[in-house]
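Numbering (this note's numbering), first residue to last: 61 to 270.
Quick reminder that beta carbons are idealized off the backbone N, C-alpha and C, glycines included.
Below: the structure, in structure tokens.
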Amino acid sequence: MIVKIGIVGLVSAVGLSAIAWMHSAEVPASNATLKAQPPALIKTVASPPQEQSRPMLPPRMLDCRLGRITNFDPSRDQAPSEYKYDGDHPFRLFLPSIPVRTTEPPRSTQAPEPVDPQTRIVADRDGISAGAAGHPFDRVVDYWPERVELTTPLESGEVNLIILQQSEGRKGMTDIFMTKAKDAVTYDQAHLYSGRCKVTSGDRAMAAAG
Numbered sequence: 061m062i063v064k065i066g067i068v069g070l071v072s073a074v075g076l077s078a079i080a081w082m083h084s085a086e087v088p089a090s091n092a093t094l095k096a097q098p099p100a101l102i103k104t105v106a107s108p109p110q111e112q113s114r115p116m117l118p119p120r121m122l123d124c125r126l127g128r129i130t131n132f133d134p135s136r137d138q139a140p141s142e143y144k145y146d147g148d149h150p151f152r153l154f155l156p157s158i159p160v161r162t163t164e165p166p167r168s169t170q171a172p173e174p175v176d177p178q179t180r181i182v183a184d185r186d187g188i189s190a191g192a193a194g195h196p197f198d199r200v201v202d203y204w205p206e207r208v209e210l211t212t213p214l215e216s217g218e219v220n221l222i223i224l225q226q227s228e229g230r231k232g233m234t235d236i237f238m239t240k241a242k243d244a245v246t247y248d249q250a251h252l253y254s255g256r257c258k259v260t261s262g263d264r265a266m267a268a269a270g
């Protein structure tokens, strides 16, 4: 079912749709509780050659668990405690080492910057990324550890959105939100996933990435 998110669907300053969970959401996965904090979605990051002398972000491997929100109601402002979740889905994502960003990303009316091809979904056992696994990201904004935003175009004409944000509830963890988007405020209500990721960085991340 496609729904208009309304008050929780925002348009970011750079023109891409932004999902803003107005409250943190608790997501049970197996015996764990995963909290998803809402980041705002922007446009892509990539690093022009002249930026290579800047400080570098480390390579990062994210091992995540996500649950699907089953009772989201776009007609009202729900409390996080009301959300119910289905499933416990493993998901693995690799972010390569890139220069620390010091400028704003291109706006939506501008061509995106190239994305490092090493940036990829490594594993999506249950297929929750709507077919995005195995396809390159077309836009990435990497402001690690505060926020990372990634989009992959889908054959349906929608995009798969992944939003990462530093966890406030668990030190060293990263919150993740993922959905399919049709336009700035239209999302697939059956495809709202939220969870938390354990992060491995540096040489260990590179070794895990193969």
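Look up residue i in the DSSP assignment and say whether it is helix, strand or coil.
i: Ala241; result: strand
i: Glu206; result: coil
i: Ala268; result: helix
i: Asp235; result: strand
Determine the burial state of residue i: buried for a count of at least 16 other Cβ atoms within 10 Å of its Cβ, exposed for fewer.
i: Ser254; result: buried
i: Thr162; result: exposed
i: Gln225; result: buried
i: Thr239; result: buried
i: Arg264; result: exposed
i: Arg136; result: exposed
i: Glu215; result: exposed
Determine the extent of the beta strand (DSSP E) in which residue i is found, giving its start and end residues.
i: Gln225; result: 219-226
i: Pro53; result: Shown here, the chain extends from 61 to 270; a query on residue 53 therefore has no answer.
i: Ile181; result: 180-183
i: Leu252; result: 246-261
i: Tyr145; result: 145-155
From the options, pick the residue whose C-alpha is nearest to that of residue i; which is it?
i: Arg207; options: Glu228, Asp248, Arg264, Ala267; result: Glu228
i: Leu126; options: Asp148, Pro118, Pro119, Leu117; result: Asp148
i: Gly217; options: Asp202, Asp248, Cys124, Gly194; result: Asp248
Can you list, in chain order, the residues of its chain with a C-beta nearer than 8 Å to that of residue i? Leave out the 5 residues immediately preceding and following it.
i: Ala118; result: Rather than Ala, the amino acid found at residue 118 in this sequence is Pro. Here the set comprises Ser157, Ser261, Gly262, Ala265.
Excluding sequence positions up to five away, which residues of its chain have a Cβ less than 6 Å from the Cβ of residue i?
i: Phe154; result: Met121, Arg180, Val182, Ala269
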